[in-house]
Structures are given as structure tokens and as C-alpha cells.
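Quick note: the sequence shown uses numbering that gives the first Met the number 0, first residue 0, plus one each step. Positions of the beta carbon are idealized from the N, C-alpha and C atoms, including for glycine.
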Amino acid sequence: MEKIKKETAVSTNEATHLAKSVLSRVMQFRRMIEECQDNCTTECPKCHAPHKNKVATAIMQNKKIRFVLPGFPGKSPNLAKVLGYLPDMAEKQALQFLNDLCSQIQEIYEPGAEVIICSDGRVFSDIVGISEEHLTAYQIEIDRLIDELKLTALSTFNLDDIKKIHDFDQARTELLKNYGQDLNLLKDKIKRGGKDAIDPDDIEANRMYCGLTRFLVEDQMFPGQTRSKSAIQKECKEKAYLAIIRSNAWTDLIAEKFPDAIRLSIHPQACGAKKIGIQLLGIETWTTPWHAVAVNTNKGFILMKHSEVKKLNSKLVLDEYGRSSHYELISQN
Ligand SMILES: [Zn+2]
0 MEKIKKETAV
10 STNEATHLAK
20 SVLSRVMQFR
30 RMIEECQDNC
40 TTECPKCHAP
50 HKNKVATAIM
60 QNKKIRFVLP
70 GFPGKSPNLA
80 KVLGYLPDMA
90 EKQALQFLND
100 LCSQIQEIYE
110 PGAEVIICSD
120 GRVFSDIVGI
130 SEEHLTAYQI
140 EIDRLIDELK
150 LTALSTFNLD
160 DIKKIHDFDQ
170 ARTELLKNYG
180 QDLNLLKDKI
190 KRGGKDAIDP
200 DDIEANRMYC
210 GLTRFLVEDQ
220 MFPGQTRSKS
230 AIQKECKEKA
240 YLAIIRSNAW
250 TDLIAEKFPD
260 AIRLSIHPQA
270 CGAKKIGIQL
280 LGIETWTTPW
290 HAVAVNTNKG
300 FILMKHSEVK
310 KLNSKLVLDE
320 YGRSSHYELI
330 SQN
């Protein structure tokens, strides 16, 4: 297809056609729930439907296609999963992938695309047990990496940007006051999204709840933990509800702040969902850069739990500042 030049006026038909190509490129890297994987292609009209008008409108206006992605909340506090509290090679790989995706879009649409990473860490750091100081350091380092790696299609937005207040509890209270939803309504939605559900939003709510509960439980299973797993599970289920209410409030704020943006998600989505689930390393992986360690295999980077890679024949690699960066598998031959 011929590249559309910046100065060329685009007809509605052309814009619709190009929007389809752009979405198909993004869909190559999407995360889908298992039940939909066999039925949806990258061209699936139902999967394109919630996003195509936003993409076409940006094209008609010759503007960058804007994506928002809540994520990069801060490293898990469990050192059995991660190397430390700062971003490392795992985040670098994910940021690089997101920037590359925008470059790929620019190949077919010159104004290109951008991803605004809307870090949701401050929104629920007190629930997941990340210290405010570690979170601040993580956020600063993500911005520095974007700069250092010249990832010009990426930028960040977080709760600290809304008001320059340093009372984070107050910021969270205000967020919930303005955007918080009712806990019982959320619980009903999660229940509806279980087995035999049909509404993609209900399905996602249920999966998000299960996924988040799993991560919260894992975060607590650090070496030396003395509490029983069932007690931790019970507590984490309640924490997951609170974290989702906060996360949804953050989603609503983002939608209001960036009304033209296409919403990406780190969670797998059902066919026709309002969000596009995205693979953060360009490969399907069950975890995220902030719950794992990057491992360089002879086929590129994958993510693993820190405790698991340590059992393999591998060595720790430091970055240019002497900080733990990732592991490298040592070949067996
Ligand atoms: Zn579909």
C-alpha cells in the first residue's frame, strides 16, 4: 500500500481502509483470551469495531494515532520474582517493543503513532505493598530510559502529574471520590464474567480479578513468609477488589483526559472488547516485566520468575551502571 504523506488530504474511504491496516498490525501482537484465539484473525471485524472510528478520525485529521496503556506500576516487592525495585532489561525490552510497534505503524501512515504509558502504580501502591519511594524511583527511571533509548513515540502520565501534591493518600482519595465505583456492582460484574459469560467486559473483569489475585498472592509468597497460603489468598481476594476499583477509576480518568486514544491493556481480551490486549515483549507471555526477570535465551528475551531462572545454568548480567539487568542462559554444549 502506498504510504500516505502528511500533506495529502485523505478521503473517508481511504482513512477507513488505512485504519483497518493499522489495526491489523496492532492485532498481530495482541493478547486474547484462549476461548477467542481460534476464531479471531488480525482482521476480525468485531475486534476492530470498537477502535476503527478513533483510528480513522486521527487519519482524517492527519494526527498521530494515540494509544494509552495503563501499566508499568512499579516492581513487585517480591525478590523471588524480580531483581529489585528499579526498571531493568525486562522494562527496556517492553518499552522498545512498544516504540517499535509505533515505528511499524509509521511505515504505512507517516504521522505515525504514540503510546502514552499511564502508570497505575501510585493508584494502588499501598494495596500491593510497593513503597512510595521505590515507586517514585521506578517512575523516574522509566522516563530516563525512554529518553536514553530515544523512544520518541513513548511518553508517560501518572497520578503525580495531575496535581503536584505529595500527599499520595489524598490524591488516591480524590481519584476515588471522582471516579470510584460501587464495590457490590463490581462484585456482580466479576461474577457475571465467570463460566458461560458472553459480555466481553464482564469476561475481562473476571479475568482481571483472577489474574490480579494470583499476582498479589505470588507477591506475598516471598522466602521466609510465615503466614498460610489460604490466609494470604483470602486477604488478596479482598485486596484485588480494592485494586480493581482504583484501577477502573484510573481508567475512567484516562478516558476523560485522552478521549481520542485507543485503549491498550496488558490483560488478554475477548473478541470485540473495548481494549486491545497487547503482548509487552512482542511474544505471548503469562507474566509482565514488573513481575519477572528478563532472560536472554538464544532466541531472544523471555520473562521468568527470578527464583526459577536461578535454578537454570545462567549468569546475572549487570548494566553499565553496575546494576542487575537480566540473566543470560549459558549454553549446554
Ligand atoms: Zn474477534
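By the neighbour-count definition (other C-beta atoms within 10 Å, threshold 16), residue 72 is a buried residue.
As DSSP reads the structure, residue 31 sits in a beta bridge with 268. Per DSSP, residue 143 is one residue of the alpha helix (DSSP H) stretching across 131-147. In the structure shown, residue 64 adopts extended strand secondary structure according to DSSP, grouped into three states. Annotated three-state conformation of residue 81 is coil, per DSSP.
Distances from the CB of residue 274 to the heavy atoms of ligand 1 are all 7 angstroms or more. For residue 268 against residue 31, the beta-carbon gap comes to about 6 angstroms, under 8 angstroms, which counts as contact. Scanning its chain for C-beta atoms nearer than 7 angstroms, with the 5 sequence neighbours on each side dropped, one finds around residue 23 the residues 41 and 42, in chain order.
Note that the C-beta distance between residue 329 and residue 314 is below 8 angstroms. With contacts defined as CB atoms closer than 8 angstroms, residue 261 and residue 66 qualify as a contacting pair. Only buried fits residue 70, as 16 or more other CB atoms lie within 10 angstroms of its CB.
Look at the beta carbons and you see the region 174-182 touching the region 243-256: at least three pairs across the two are nearer than 8 angstroms. About 32 angstroms separates the beta carbons of residue 152 and residue 209, which is beyond the 8 angstroms limit, so they are not a contact pair. The residue from 257, 205 and 288 with its alpha-carbon nearest to that of residue 243 is 205. Here the C-alpha atom of residue 60 lies approximately 27 angstroms from the C-alpha atom of residue 157. Per DSSP, reduced to three states, the secondary structure at residue 257 is coil, with no helix or strand assignment. The bridge partners DSSP lists for residue 69 are 117. Of the residues assessed, residue 137 falls on the buried side of the cut-off, its CB having 16 or more other CB atoms within 10 angstroms. C-alpha of residue 15 to C-alpha of residue 79: approximately 47 angstroms in a straight line. The region 274-311 is shown to contain whole beta strand (DSSP E) runs of 3 or more residues at 292-296 and 299-303, in chain order. Placement of the Cβ of residue 45 at a distance of less than 7 angstroms from at least one heavy atom of ligand 1 is found.
In the three-state reduction of the DSSP assignment, residue 327 falls in the strand class.
DSSP, reduced to helix, strand and coil, places residue 216 within a helical segment of the structure shown.
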